[in-house]
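With my numbering applied, the sequence shown covers 105 to 242.
No residue lacks a Cβ here, since even glycine has one placed at the ideal position from N, Cα and C.
Quick caveat: nothing in here was measured; it's all calculated off a predicted structure.
First comes the structure, then the notes that go with it.
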Amino acid sequence: MRLHLVQGSRVEAELVTTFAPESGVIVYRPPFHRDCGVPRAVCQFRTPVTDVRAIEVPHGNHAGRGALIGAGVGGTLGLALGLAFAGQTCVAYPGFGGDYCTRSSAAVVPVTTLVGAALGAGLGALFGVGSPAWWPAP
């Protein structure tokens, strides 16, 4: 869970005791991946409910959003690359006597666009997996 404190800071935490609004105090410890300098069994913090502005719980991640952003960026770069190649009137292949030349096709544009979008979506999803999505606690 994540606590938004009245003073403006945010704290990621794991509940130690069951929370009820009438209890008056939230007892928590840092998430498993954070150390508080003492053995985990005794690492506890107490915050009065009046000092907490909002409580959020994790709900999935941003993989889908990252994939969409990555697909947009990758597709745009792929489109630009495809247009650059399609704009070439002739591509020379060294080693074929120097006079062998083939025309690049406009069909390269959709291919580079799709490949760029696919690679961008994959990278964006990988970045988004590491970013948790938070929702207000019920």
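Do Gly220 and Gly170 have their C-beta atoms closer together than 9 Å?
no
Please state if the CB of Pro240 and the CB of Ile159 are separated by a distance shorter than 9 Å.
yes
For the 8 Å Cβ check, are there 3 or more pairs between the segment 162-182 and the segment 209-228?
yes
Where Arg138 falls: helix, strand or coil (DSSP)
coil
According to DSSP, simplified to helix, strand and coil, what is Thr154?
helix
Using only the alpha-carbon positions, how far apart do His108 and Leu119 sit?
14 Å
So, at 6 Å on beta carbons, what are the nonlocal neighbours of Thr151 in its own chain, with the 5 sequence-adjacent residues on each side left out?
Ile130
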